[in-house]
Each structure stands twice: as structure tokens, then as C-alpha cells.
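In what follows, a single structure is set out as C-alpha cells and then discussed.
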Amino acid sequence: MVLPGIEGYFGVKANHVPIIAQLKPGLVELHDGADVSKFFVSGGFAFVHPNSVTDICAVEAASLDQFDAAAVKVALQQAQTGGGSDDFDAAVNRAATEVFSALDAALEAK
1 MVLPGIEGYF
11 GVKANHVPII
21 AQLKPGLVEL
31 HDGADVSKFF
41 VSGGFAFVHP
51 NSVTDICAVE
61 AASLDQFDAA
71 AVKVALQQAQ
81 TGGGSDDFDA
91 AVNRAATEVF
101 SALDAALEAK
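If you're matching positions, the sequence shown starts at 1 in our numbering and goes up one per residue.
Rendered as C-alpha cells:
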């Protein structure tokens with residue numbers, strides 16, 4: 001398993017040390033032998049238990065094939081150019097830009 005930690009991507013293998021890690025928007029890769037399943041998470045937390053079982057707590061998570069790359073690019077453009085009349089709007093646009101940038105990059109690498 002590969003997870004998008006806020007300090008960078010990290011892997012979880014058998015006998016991994018127990019940790020709690022904050023996740024940034026990015027790609028979660030689940031490896032089962034040669035098979036790899038890819039999911040996008042908008043952020044959240046990963047809880048790695050002493051037996052290497054990992055729980056992921058995320059507000060949003062979906063497989064990459066559920067996204068329309070063109071729609072993501074439009075949403076990213078709107079977030080980047082969306083002005084904010086106040087601090088709240090500006091914060092919303094920064095968060096949306098971060099999420100849609102990460103999603104766009106994940107779709108491009110697919």
C-alpha cells in the first residue's frame with residue numbers, strides 16, 4: 001500500500017511500525033501481488049495497526065476510473081481563477097485548487 005502523507009508518499013508493508021498519519025489529497029495504491037488498485041482521497045488520516053492492517057479515514061475517496069478528466073480540468077481552472085470577496089471564499093478556492101491539482105496529476109499519471 002502506498003499513501004499520500006502530508007510529508008510525502010509512504011508505503012505500508014507487513015510488520016510496519018504502528019503509526020497515525022495525516023493524508024493530503026492524492027493517490028492511494030493498494031497492491032495485491034501484481035495487481036494495483038488506485039483510489040483518490042481528498043485527504044484524511046491513516047491508522048496503521050501493529051498487525052499492519054491499515055484503516056483510512058477520508059471524507060471522499062473514489063477509484064480513478066470514476067472521474068472525468070475534462071471536468072476535473074474545468075473545476076481546477078474555476079478554482080484557480082475564482083476570486084474571493086472575503087477570506088472564506090479565498091480559503092475555499094485554495095482548498096479546491098489543492099484537491100483538483102492533485103486529482104488532475106493522478107489522472108495524468110494513470
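Every residue gets a Cβ at the ideal spot worked out from N, C-alpha and C, and that includes glycine.
- For my contact list, GLU60 and VAL41 are in at a C-beta cut-off of 8 angstroms; report their separation, rounded to the angstrom. Yes, they are in contact, since the Cβ atoms of GLU60 and VAL41 sit about 7 angstroms apart, within 8 angstroms.
- Item | N-terminal and C-terminal residue of the beta strand (DSSP E) that ASP55 is part of | Start and end: 54–57.
- Query: On the three-state DSSP scale, how would you describe ASP104?
  - Reply: ASP104 sits in a helix when the DSSP states are folded into three classes.
- Query: For PHE47, is the classification buried or exposed, using 16 other Cβ atoms within 10 angstroms of its Cβ as the cut-off for buried?
  - Reply: Classification for PHE47: exposed.
- Query: Going by beta carbon distance, what residues of the same chain come within less than 7 angstroms of GLN80, once the five residues before and after it are set aside?
  - Reply: Here the set comprises THR97.
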